[in-house]
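Asks:
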Amino acid sequence: MNMQQINLSPTLNFSRLIQGFWRLDKWQQTPQQTLAFIEQLLALGINTFDHAACYGGFTTEESFGKALALHKSLRDKMTLVTKCGILYPNKALPEMKSHHYDNSYRHIIWSAERSLQKLHTEQLDLLLIHRLSPCADPEQIAKAFDQLYQEGKVKNFGVSNYTPAKFSMLQSYVKQPLVTNQIEISPLHLKPFDDGSLDFLLEKRIKPMAWSPFAGGRLFDPLDERGARVSQALLEIGEQKGESRLEVLALAWLLAHPAKIMPILGSGKIERVRTATEALQVSFSEEEWIKVYVAAQGFDIP
């Protein structure tokens, strides 16, 4: 199977499906096992790996980096993404007393350099601001981005969880183009479809990354009334296509949107990832897509 590729910039090539490593600390893998998983992902055509400095209590980047250090030549075959800007109490930062956001120049530089060290790489393909701090100074963010770019430590920049207004505001300060917005998108989380976020990105020709594409598992919970309603709509459509796997249908629904959504997968089991890639072979007509959307809105399915 050929994995679809998406160009976000002249120096940034994403696989249409992205592998997230936010739960790497829960997979209880040795560096050798993580390396084997990475190699299997690359064999499937998934070359884009999503991280964040804070994942796993600030441990997952290091775990991934230890695996990459065992086979450094693989670095040229992958696109590394990480995020900065969220801090909370943990063993690495015992002085922290409460969860907060930090978008300061000092923190962005510190976090990016720490990520480079942990991931065993000399350059990040993409650095995102994890979430906008209420007191963020866009000039400080722009200054940090420009320094990291000029020093060759980061190729591209973007944001996560930004509204269109905040995205435009930050872009007006930052010299480099913001190439993506990583936001929550799923058949149960319709806010980006309804608040203009996806329309904005589509107009700007900016491709969104979608975290939690299965709504945190709610889509598979028969006791979740809304999730069950959407699942029914997906499965009814899937029956006509000879496809009964809910995760495949849910991903295919996201992939069918013209904004070219790039879902982030979270499973550490290669069998599940392989199944997810089959969503690329399933298409939705506009009528079918709307049927799922209507079900998610809570209306009767026509």
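In terms of the UniProt record's numbering, the sequence shown has 93 at position 93, counting the first letter as 1, and numbering is strictly consecutive. Even for Gly, the Cβ is constructed at its ideal location relative to N, Cα and C. As the structure is a prediction and not an experimental result, all values here were calculated from the model.
1) Can you tell which of 285, 253, 154 and 230 has the C-alpha that lies nearest to the C-alpha of residue 297?
2) Just the C-alpha distance for residue 157 and residue 206, rounded to the nearest angstrom, thanks.
3) With a 10 Å radius around its C-beta and 16 neighbouring C-beta atoms as the bar for buried, classify residue 227 as buried or exposed.
4) For the alpha helix (DSSP H) containing residue 164, list its first residue and its last residue.
5) Threshold first: 4 residues or longer. Then list the alpha helix (DSSP H) segments lying entirely within the region 38-91, N to C.
6) According to the Cβ coordinates, are residue 61 and residue 111 closer than 8 Å?
7) So the alpha helix (DSSP H) residue 228 belongs to, where does it begin and stop?
8) Which same chain residues, not among the five before or five after residue 300, have their C-beta less than 6 Å away from its C-beta?
9) In whole angstroms, give me the CA-to-CA distance for residue 130 and residue 77.
10) Should residue 161 and residue 183 be called a contact, given that it needs their Cβ atoms to be closer than 8 Å?
11) When you compare each of 225, 174 and 123 to residue 145 by their alpha carbons, which one comes out closest?
12) Quick check: residue 79 and residue 24, are their CB atoms within less than 8 Å of each other?
13) Report yes or no: do three or more beta-carbon pairs, one from the region 20-39 and one from the region 232-252, lie closer than 8 Å?
14) Are at least three pairs of beta-carbons, each pair with one atom in the region 263-270 and one in the region 163-181, less than 8 Å apart?
15) What is the rounded straight-line gap between the Cα of residue 255 and the Cα of residue 234?
Replies: Straight from the coordinates:
1) Among 285, 253, 154 and 230, the Cα nearest to that of residue 297 belongs to 230.
2) For residue 157 and residue 206, the distance between alpha carbons rounds to 12 Å.
3) Residue 227 sits buried, since 16 or more C-beta atoms from the chains shown fall within 10 Å of its C-beta.
4) Run containing residue 164: 164-171, per the alpha helix (DSSP H) assignment.
5) Within the region 38-91, the runs of alpha helix (DSSP H) that reach at least 4 residues and sit entirely inside it are, in chain order, 55-58 and 60-69.
6) Taking 8 Å as the cut-off, the Cβ atoms of residue 61 and residue 111 do not count as close.
7) Its alpha helix (DSSP H) spans residues 225-241.
8) Only weak support exists for where residue 300 lies, its pLDDT of 48 falling under 50; the value from the coordinates is given anyway. Excluding sequence positions up to five before and after residue 300, its CB lies less than 6 Å from no other CB in the same chain.
9) Going from the Cα of residue 130 to the Cα of residue 77 covers about 25 Å.
10) Yes. Within cutoff.
11) Of 225, 174 and 123, the residue nearest in Cα terms is 174.
12) Their beta carbons are not under 8 Å apart, which means residue 79 does not touch residue 24 by this criterion.
13) Between the region 20-39 and the region 232-252, the count of C-beta pairs closer than 8 Å stays below three; the two stretches do not touch.
14) Result no; under three Cβ-Cβ pairs closer than 8 Å.
15) For the pair residue 255 and residue 234, the Cα-to-Cα distance works out to about 14 Å.
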